[in-house]
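Q:
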Amino acid sequence: MVSQNGVRREPDYEAARQAMVRDQLKRREITDSRVLWAMGDTPRHLFVPTEWRADAYSDRPLPIGAGQTISQPYMVALMLQHLALQGTERVLEIGTGSGYQTALLCQLAAQVYSLEYVSELATQAETALSQLGYQDVQIIVGDGGLGLPAYAPYDGIVVAAAAPKAPLSLLAQLANGGRLVVPVGTSTQQELRCITKHTEGYDEQRSVRCRFVPLRGQEGWA
Ligand code: SAH
Numbered sequence: 042m043v044s045q046n047g048v049r050r051e052p053d054y055e056a057a058r059q060a061m062v063r064d065q066l067k068r069r070e071i072t073d074s075r076v077l078w079a080m081g082d083t084p085r086h087l088f089v090p091t092e093w094r095a096d097a098y099s100d101r102p103l104p105i106g107a108g109q110t111i112s113q114p115y116m117v118a119l120m121l122q123h124l125a126l127q128g129t130e131r132v133l134e135i136g137t138g139s140g141y142q143t144a145l146l147c148q149l150a151a152q153v154y155s156l157e158y159v160s161e162l163a164t165q166a167e168t169a170l171s172q173l174g175y176q177d178v179q180i181i182v183g184d185g186g187l188g189l190p191a192y193a194p195y196d197g198i199v200v201a202a203a204a205p206k207a208p209l210s211l212l213a214q215l216a217n218g219g220r221l222v223v224p225v226g227t228s229t230q231q232e233l234r235c236i237t238k239h240t241e242g243y244d245e246q247r248s249v250r251c252r253f254v255p256l257r258g259q260e261g262w263a
């Protein structure tokens, strides 16, 4: 943005963020007050590449490099709402990407582990998160479809990439009462699923239609 005297001015990110919460989240079905608070407080613009910063609070995904995207704000909010976090949970995220959702998870849960396939993105996200002071998070480079058995079980697992089916390793790493949120379908069209583990099995809730980048690795597409 350039002012009348030709000086480059920063957009009003705070106002854009509050408008995002009001128009994109509250007007749809986002009602979890902790999710609304975290999204109203987290500087999404600092997780997107500089050339996309002015669009950081718009109603769509944006490129973050390596052919990947930061998810649309509404989709991030919906996934977090499905996790129904209270603040005491241990959570596993698959697909760190920009680290934006990781930052939100740090505020909504007690301990966060995040797996990213592309090491360059993991490094960028780690830098952004530490510069902003987010703690209680470990970013690990690896195939998230296999989960992270070393720290299992998890009260919540959220997958930010599309899978042909809910990965069995992730289901196995849920605690009792824990939830797995994952987009399931083809590589071009999916449905968001929320699967809860009980002592006697799993319970599946179907959510909205969506479109995520494909999950890579053993549980993704060849
Ligand atoms: N939550 C991220 C979304 C990033 S897009 C954000 O808000 O920015 C999905 C991410 O999943 C990409 O960074 C991609 O590299 C990663 N990914 C794809 N397959 C993966 C796998 N098998 N394991 C871990 N990460 C994976």
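The numbering used here numbers the first residue of the sequence shown as 42 and each following residue consecutively. By construction, the Cβ of each residue, glycine as well, lies at the ideal position given by its N, Cα and C atoms.
At 4 residues or longer, and completely inside the stretch 89-159: list those alpha helix (DSSP H) runs for me, N to C.
A: 114-124, 141-149
Q: Quick one, which of Ala56, Arg257, Thr129 has its alpha-carbon nearest Gly188's?
A: Residue numbering aside, residue 188 sits at position 147 when the sequence shown is read from its first letter. Per the Cα distances, Arg257.
Q: For a test of your reading of the model: does the CB of Ile181 fall under 7 Å from any non-hydrogen atom of the ligand SAH? Yes or no.
A: Your numbering for residue 181 matches position 140 in the sequence shown. No, the Cβ of Ile181 stays beyond 7 Å of every heavy atom of the ligand SAH.
Q: Are the CB atoms of Ile105 and Gly136 nearer to each other than 8 Å?
A: Position 64 of the sequence shown holds residue 105. Position 95 of the sequence shown holds residue 136. Result no, Cβ atoms of Ile105 and Gly136 do not sit closer than 8 Å.
Q: Is Glu31 helix, strand or coil by DSSP?
A: With the chain covering 42 to 263 only, the question about residue 31 has no answer from this structure.
Q: Distance, Cα to Cα, Tyr115 vs Ala163?
A: Along the sequence shown, read from residue 1 onward, the residue named residue 115 stands at position 74. Along the sequence shown, read from residue 1 onward, the residue named residue 163 stands at position 122. Their Cα atoms are separated by approximately 23 Å.
Q: Examine chain C for any beta-carbon lying closer than 8 Å to the beta-carbon of Val178, and answer yes or no.
A: Absent from the structure: chain C. Only one protein chain is present.
Q: So which of Ala95, Thr72, Asp73, Arg131 has the shortest CA-CA distance to Glu51?
A: Start at 1 with the first residue of the sequence shown, and residue 51 comes out as number 10. It is Ala95 whose Cα lies nearest to the Cα of Glu51.
Q: Using the rule of at least 16 other Cβ atoms within 10 Å of the residue's Cβ for burial, across every protein chain shown, is Ser160 buried or exposed?
A: What you label residue 160 is simply residue 119 of the sequence shown in a count that begins at 1. Per the 10 Å Cβ criterion, exposed.
Q: Between Cys235 and Arg252, how many whole angstroms is the CB-CB distance? I'm expecting something under 8 Å.
A: If you number the sequence shown from 1, residue 235 lands on position 194. If you number the sequence shown from 1, residue 252 lands on position 211. Not a contact, Cβ separation roughly 18 Å.
Q: Output the distance between the C-alpha atoms of Glu245 and Gly108, rounded to the nearest integer angstrom.
A: The sequence position of residue 245 within the sequence shown is 204, counting from 1. The sequence position of residue 108 within the sequence shown is 67, counting from 1. Going by the C-alpha atoms only, they are around 31 Å apart.
Q: Near Asp196, which residues of its chain fall below 6 Å by C-beta distance, leaving aside the five closest residues on each side in sequence?
A: In the sequence shown, the residue the question calls residue 196 occupies position 155. Cβ neighbours of Asp196 beyond the five flanking positions: Glu130, Arg131, Ala216, Gly219.
Q: For Val89, which of Ala79, Pro102, Asp82, Met80 has the nearest alpha-carbon?
A: Reading the sequence shown from its first residue, position 48 is the one you call residue 89. Looking at the Cα atoms, Pro102 is the closest of the given residues.
Q: Would DSSP call Gly188 helix, strand or coil?
A: Locating residue 188 in the sequence shown gives position 147, where the first residue counts as 1. Reduced to three states, the DSSP call for Gly188 is coil.
Q: Identify whether Leu173 lies in helix, strand or coil by the three-state DSSP scheme.
A: Here residue 173 refers to the residue found at position 132 of the sequence shown. In the structure shown, Leu173 sits in coil (DSSP, three-state: anything other than H, G, I, E or B).
Q: Is Gln109 close to the ligand SAH? I mean its beta-carbon at under 7 Å from any heavy atom of the ligand.
A: Start at 1 with the first residue of the sequence shown, and residue 109 comes out as number 68. Flag set: Cβ of Gln109 near the ligand SAH.
Q: Restricting to Cα atoms, I'd like to know which of Gln65, Ser155, Met61, Asp82 is closest to Ala193.
A: On the sequence shown, residue 193 is found 152 positions in, with the first residue counted as 1. When only C-alpha atoms are compared, the closest one is Ser155.
Q: Among residues of its own chain, excluding the 5 on either side of Tyr175, which ones have a beta-carbon nearer than 7 Å to its beta-carbon?
A: As a working mapping, residue 175 is identified with position 134 in the sequence shown. Once the five neighbours on either side are set aside, the close Cβ partners of Tyr175 are Ala144, Cys147.
Q: Which residues share a DSSP beta bridge with Lys238?
A: Looking up residue 238 in the sequence shown gives position 197. DSSP lists Tyr243 as partners of Lys238.
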